[in-house]
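Note that this note's numbering numbers the sequence shown so that position 164 is 362, with each residue one more than the last.
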Amino acid sequence: MNVKETSKISTSLVLDLEYPNELFKAIATDKELPYISFVDLLANTMTLAVKNRLWCDQLKDYTPVVLVRNPKKFPESLLINCAHENRGAYMPLWRQQVAENPDEAFLPTRVKINRNDSNKIIRLDLAREDSSVSDDEWVVYELDAVISHIHTSDHLVAHIRIPESYTESQIVINSVDSNKEQVNKDDANYIRAFRRRSSTFVGNPVKGGDWVLFNDFAVSPSSIEQAVDFRHPFRNPCVLRYRRIHQEEEDRNKIFDSTTCPITSEVFSSPSLALAQGPKTFVSLPLDKLPKNGDLVAIDCEFVALSTEEFKVLADGTRVVTAPPRLSLARVSCLSGDGTVFIDDYIVTPENVEDHLTRFSGLVPGDLDPKSSKHHLIPLRIAYMKLRHLVDRGCIFVGHGLNKDFRVINIFVPPENILDTVELFYLGHRKLSLAFLASYLLEEKIQGRIHDSIEDARTALKLYQKYETFRDQGILQEKLHEIFEQGQRRNYK
Numbered sequence: 199m200n201v202k203e204t205s206k207i208s209t210s211l212v213l214d215l216e217y218p219n220e221l222f223k224a225i226a227t228d229k230e231l232p233y234i235s236f237v238d239l240l241a242n243t244m245t246l247a248v249k250n251r252l253w254c255d256q257l258k259d260y261t262p263v264v265l266v267r268n269p270k271k272f273p274e275s276l277l278i279n280c281a282h283e284n285r286g287a288y289m290p291l292w293r294q295q296v297a298e299n300p301d302e303a304f305l306p307t308r309v310k311i312n313r314n315d316s317n318k319i320i321r322l323d324l325a326r327e328d329s330s331v332s333d334d335e336w337v338v339y340e341l342d343a344v345i346s347h348i349h350t351s352d353h354l355v356a357h358i359r360i361p362e363s364y365t366e367s368q369i370v371i372n373s374v375d376s377n378k379e380q381v382n383k384d385d386a387n388y389i390r391a392f393r394r395r396s397s398t399f400v401g402n403p404v405k406g407g408d409w410v411l412f413n414d415f416a417v418s419p420s421s422i423e424q425a426v427d428f429r430h431p432f433r434n435p436c437v438l439r440y441r442r443i444h445q446e447e448e449d450r451n452k453i454f455d456s457t458t459c460p461i462t463s464e465v466f467s468s469p470s471l472a473l474a475q476g477p478k479t480f481v482s483l484p485l486d487k488l489p490k491n492g493d494l495v496a497i498d499c500e501f502v503a504l505s506t507e508e509f510k511v512l513a514d515g516t517r518v519v520t521a522p523p524r525l526s527l528a529r530v531s532c533l534s535g536d537g538t539v540f541i542d543d544y545i546v547t548p549e550n551v552e553d554h555l556t557r558f559s560g561l562v563p564g565d566l567d568p569k570s571s572k573h574h575l576i577p578l579r580i581a582y583m584k585l586r587h588l589v590d591r592g593c594i595f596v597g598h599g600l601n602k603d604f605r606v607i608n609i610f611v612p613p614e615n616i617l618d619t620v621e622l623f624y625l626g627h628r629k630l631s632l633a634f635l636a637s638y639l640l641e642e643k644i645q646g647r648i649h650d651s652i653e654d655a656r657t658a659l660k661l662y663q664k665y666e667t668f669r670d671q672g673i674l675q676e677k678l679h680e681i682f683e684q685g686q687r688r689n690y691k
């Protein structure tokens, strides 16, 4: 009986680089390593064939089958996982190829893959065909990120190629920021100027395509040569990202355009994980009513401590902090420009909470537990995706102390999309608290016994509206001096 060939379509978010059995056998028997190039490994991975025995309903028995992978659609970003549990087998391959020919790194910086036959992969950086782009026959990829494991200290580092579109916008931001002292803050165009993106360079522009090394908190310039160099015995490859090169330069840059939304708005429909449901504290906006490019979003976040601060006391009595508390996002509230609360999410925390920081966060034990919480409880991943979507839509975030909040959340928001009332009401003397600004400018008392993120976000929005009023009336500088004079008299309370 003939068994028909069957197929199905599946989506893979990452490719696991397949190392051939010959490599493992050579290592096990202490034989010379076979010559295997990276493009050979990639081609074998793209068209992986696996022999197996599966149950066949037609034959009513297990029968030998061959499972063959055949790519049908190529992604914008090609992610490749290079790690394998048998590190001793594959790492000599990466180091051997470089050692034999110092001018030829094992890892190519640019490759092209045949659309109709994924076994055909050409290394372009050695063929001197850097001008090649994707067309009807070939898909061209360029290396733009390498994540490596430093096994001597057991941590990850990342070499990342900065896209040209990012460096262009950053030049404008830096230029505006460096000239803030010459800008009259009473000018109604000040805020708009600070937000503006332009292709006009001021000063010496940063060259697009620069490589940067991210090593924990240290960020330093790097190069493509360093990114692909695995001769060092302490550095092992983990994940590679190749970016697809398009025919048109506009298509090439739009991947990195911050106005695109790779995360869809359906994430706002995520259900609560809490078993018990209390009163709803926010309005679920229709997806087409969510804030869009240029709209204001007032935001405030609360955090809990997963670990407490570590310190030591020196002989002279000085207290030195050796490790700050490790914070985790626990609640995030967002209001639209008209004051409507459309996000009030509590974040379920899988790790043990050392301190709920109730005095500052308003959170108590049980608020983040699905079994006992009555709040809208979601995973951290969903909370991040909601914020990421708003960032990608180009929303302008209003809040108090947002830089710290975004840093803890580990999300990048373009500086021109942040309106921080800490910075807006700042004269260089000291940074004012939200409670004092609310008391003096709004005649409202907030943060009595505990903080509430909705109240804080709404207060920040009102303060920004006050700021706009002072600026439009041309009395901003006068008001700022008045605020600080009154603050000194009232001890900033």
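Every residue gets a Cβ at the ideal spot worked out from N, C-alpha and C, and that includes glycine.
Query: Any chain B beta carbon closer than 8 Å to V530; Result: This model lacks chain B altogether; it includes just one protein chain.
Query: Check whether T243 and N268 have beta carbons under 8 Å apart; Result: no
Query: Nearest-angstrom Cα separation, counted from D565 out to S571; Result: 5 Å
Query: Where Y582 falls: helix, strand or coil (DSSP); Result: helix
Query: Local conformation of R628 per DSSP, three classes; Result: coil
Query: Those residues which DSSP pairs with K510 across a bridge; Result: V518
Query: Sub-8 Å separation of V426 and N279 beta-carbons; Result: no
Query: Residue range of the beta strand (DSSP E) that includes A416; Result: A416 to S420
Query: R393 to N615 span [Cα, whole Å]; Result: Only weak support exists for where R393 lies, its pLDDT of 39 falling under 50; the value from the coordinates is given anyway. Rounded to the nearest angstrom, the two C-alpha atoms are 6 Å apart.
Query: Segment contact flag, the segment 651 to 658 with the segment 498 to 508, C-beta cutoff 8 Å, min 3 pairs; Result: yes
Query: F682 (DSSP reduced to helix, strand or coil); Result: helix
Query: Local Cβ density within 10 Å of K584, reported as buried at 16 or more and exposed below that; Result: buried
Query: Given 8 Å, three or more beta-carbon pairs between the segment 480 to 491 and the segment 530 to 547; Result: yes
Query: Touching by the beta-carbon criterion (3+ pairs, under 8 Å), the segment 458 to 477 and the segment 620 to 635; Result: no
Query: For E216, three-class secondary structure by DSSP; Result: coil
Query: For R557, the first and last residue of its enclosing alpha helix (DSSP H); Result: T556 to S559
Query: Contact the segment 545 to 565 vs the segment 524 to 532: 3+ CB pairs below 8 Å; Result: yes
Query: Proximity of L291 and L221 at Cβ, strictly below 8 Å; Result: yes
Query: Rounded straight-line distance, which links the Cα of M289 to that of I225; Result: 11 Å
Query: Identity of the residues DSSP links to N250 by a beta bridge; Result: V263
Query: Beta-carbon gap between V410 and I443 smaller than 8 Å; Result: no
Query: Whether V518 touches L512 by CB criterion (8 Å); Result: yes
Query: Opening and closing residue of the alpha helix (DSSP H) in which Y665 lies; Result: S651 to Q671
Query: E335 in three-state terms, based on DSSP; Result: coil
Query: Own chain partners of Y624 with C-beta closer than 7 Å, once the 5 adjacent residues on each side are dropped; Result: none
Query: T204 burial status per 10 Å Cβ neighbour count (16 or more: buried); Result: exposed
Query: CA nearest to the CA of F668, picked from P563, L639, I652 and S235; Result: L639
Query: R308, DSSP secondary structure in three states; Result: strand
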